[in-house]
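Okay, structure first, notes after.
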Amino acid sequence: MKSSLGTLAAILFCAAPAWAHHSFAAEFDATRCSDITGVLTKVAYENPHSYVWVDVKDASGKPVSNTFQLSSPSNLKRGGATYGVLNGSVGKEVLVRGCASRNGEANRYAASFIKLPDATIQRVGQDVEGIFGTKIWR
Amino acid sequence: MRTHLGLIVSAAVALSAAGAAQDKQQAPDKKFVDARGNVKPVPLPPGGAAPRMSDGHVDLSGVWFAGPTGKANAWSVVPDQPLKEEPVPFQPAAAAKMNAMTRTERELNSPGVRCQPVGTPGMWTINPYPHQIVMKPGLFVHLIESDNAWSVVHTDARPHKKADDLEPLYNGDQTAHWEGDTLVIDTISLDERTWINQSGWFHSDQVHVIERLRRPSMNYLEYQYTVEDAKVLTKPWTSAWRTYSLGKEDLTENFCTNNENVEQLEKLRDAGPGK
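Sequences listed follow chains A and B, in order. Numbering-wise, the working numbering puts 57 at position 57 of the first sequence, and it's gapless, one number per residue. Numbering-wise, the working numbering puts 213 at position 213 of the second sequence, and it's gapless, one number per residue.
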């Protein structure tokens, strides 16, 4: 889809400093988001994005690995999702709010929050659905 | 210069307006997720007069976050307010080039997405993370979290390097001087691989960037930039002033070492038109 002048203007006038370094909307679909529950198996606390992997049982009970892209360590640690908090949940059941990849890759999502084993809801990404009270589409 | 009181009033009005607009969008029974990490923006007070260095000039030193809260605002529960700025006066060919890019191509062409140096003025306009400024009389040191980048600029109004000594650089050839309490940083010889901001605004080898920094009070820093580019723009363009506020945190290490986004976006591009 060719970008319109309106889109360009919107990008130019956006309050730039709060941007992430790239657009969520280019890579993930904010209309295909769901809650996914499974066992947290691995955490990669790296830039420009961190990742977590969650095993979800399929219909036959076999665990299938799902990949979730999170925000950057800079945003995560300042929001309370420190390296220790995420790694401390490995091997335990979590619920992740994830929006599907636009390129069709199966089981790949961008996450906006993780519900940790202690029931804490931890923010880990942009509010692309407006579920936190904002509607940020970048 | 904006007064301290004016700054706070402006911020309060903006937040109030944002809240009202948000209320209108909310369904009466809408329940939002209360997550740890959400930021409810509370502007810092002015904090008194800006400090000064031994030479009498304003000291811009500090760790600075975009916005008025003195901390990271990436997960603010109040939407950003658009800046009021004049449209960028692109030459028709430049506008056509930018508009020809699909959203995916814009991402793939972006220095930020490819973890390339963000350069000048990208250290301010593309870096989404906090800044640290360290100053002493005659010297301005700018550190950012994005890929642990830095620039060092003399503030003694020295001339740019001679033409034969110039080379394309991500941060360019920089010199600075004071205009009253405003530090003016003048940059030429920028590498054409950098963008002016994340929108896809490319520049030519003739680009000239003039950045202005001022500290109206202890807790606030303001930034503005002007771009002159005879090959891309029809006339110079100057941004609105952007507000930053004084943080109490250190910068954190932020090397870009695990970039999967390029590979993912290339799959999307290869999926064909419409993506």
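Ideal Cβ placement from N, Cα and C applies to all residues, glycine included. These numbers were taken from a predicted model, which means no experiment stands behind them.
C-beta atoms of residue i and residue j nearer than 8 Å
i                : j                : result
Gly91 (chain A)  : Ala110 (chain A) : no
Thr41 (chain A)  : Ser71 (chain A)  : no
Glu27 (chain A)  : Leu108 (chain B) : no
Val77 (chain B)  : Val39 (chain B)  : yes
Ala149 (chain B) : Val113 (chain B) : no
Tyr45 (chain A)  : Pro73 (chain A)  : yes
Pro89 (chain B)  : Thr234 (chain B) : yes
Trp64 (chain B)  : Pro128 (chain B) : no
Asn197 (chain B) : Thr120 (chain B) : no
Asp191 (chain B) : Val207 (chain B) : no
Helix, strand or coil at residue i [DSSP, three-state]
i                : result
Lys267 (chain B) : helix
Ser146 (chain B) : helix
Asp164 (chain B) : helix
Thr104 (chain B) : helix
Ala44 (chain A)  : strand
Glu192 (chain B) : coil
Gly84 (chain A)  : helix
Phe113 (chain A) : strand
Val90 (chain A)  : coil
Val128 (chain A) : coil
Ala30 (chain A)  : strand
Ala25 (chain A)  : helix
Val227 (chain B) : strand
Val262 (chain B) : helix
Gly37 (chain B)  : coil
Pro216 (chain B) : strand
Ile210 (chain B) : strand
Ala21 (chain B)  : Legend: pLDDT at Ala21 (chain B) = 43, less than 50; position of this residue unreliable, value from coordinates given subsequently. Correct three-state label for Ala21 (chain B): helix.
Integer-rounded CB distance, given that residue j should sit under 8 Å from residue i
i                : j                : result
Gln174 (chain B) : Val153 (chain B) : 5 Å
Val205 (chain B) : Val58 (chain B)  : Reading off the sequence shown, one finds Asp at residue 205 (chain B), where the question assumed Val. At roughly 33 Å, the Cβ-Cβ gap does not stay under 8 Å, so Asp205 (chain B) and Val58 (chain B) are not in contact.
Pro41 (chain B)  : Pro68 (chain B)  : 7 Å
Ser89 (chain A)  : Pro117 (chain A) : 6 Å
Gly200 (chain B) : Met98 (chain B)  : 5 Å
Ala50 (chain B)  : Arg215 (chain B) : 4 Å
Ile36 (chain A)  : Ala35 (chain B)  : The pair is not a contact, with the Cβ atoms about 16 Å apart (cut-off 8 Å).
Leu44 (chain B)  : Ser239 (chain B) : So it is not a contact: roughly 22 Å between Cβ atoms.
Interface residues of chain B facing residue i [CB-CB closer than 7 Å]
i                : result
Ile131 (chain A) : Phe32, Val33
Leu74 (chain A)  : In the sequence as displayed, the identity of residue 74 (chain A) is Ser instead of Leu. Going along chain B in sequence order, the residues near Ser74 (chain A) (Cβ under 7 Å) are Tyr129, Glu145, Thr252, Asn254.
Proximal chain A residues relative to residue i, where beta-carbon distance stays under 7 Å
i                : result
Val209 (chain B) : The contacting residues do not exist; Val209 (chain B) stays about 15 Å from chain A at best.
Asn259 (chain B) : Pro48
Proximal residues of chain A, C-beta to C-beta of residue i below 8 Å
i                : result
Gly70 (chain B)  : By Cβ distance, chain A contributes nothing, its closest Cβ being about 12 Å from Gly70 (chain B), past 8 Å.
Gly180 (chain B) : Chain A residues near Gly180 (chain B): none, gap ~25 Å exceeds 8 Å.
Proximal chain B residues relative to residue i, where beta-carbon distance stays under 9 Å
i                : result
Ser101 (chain A) : Gln264, Lys267, Leu268
Lys92 (chain A)  : By Cβ distance, chain B contributes nothing, its closest Cβ being about 17 Å from Lys92 (chain A), past 9 Å.
Which ranges does the alpha helix (DSSP H) cover as unbroken runs of at least 4 residues, wholly within the segment 69–145 of chain B, from first to last along the chain? 92–99, 103–109, 119–125
Alpha helix (DSSP H) runs wholly inside the segment 50–84 of chain A, at least 4 long, in chain order: 73–78
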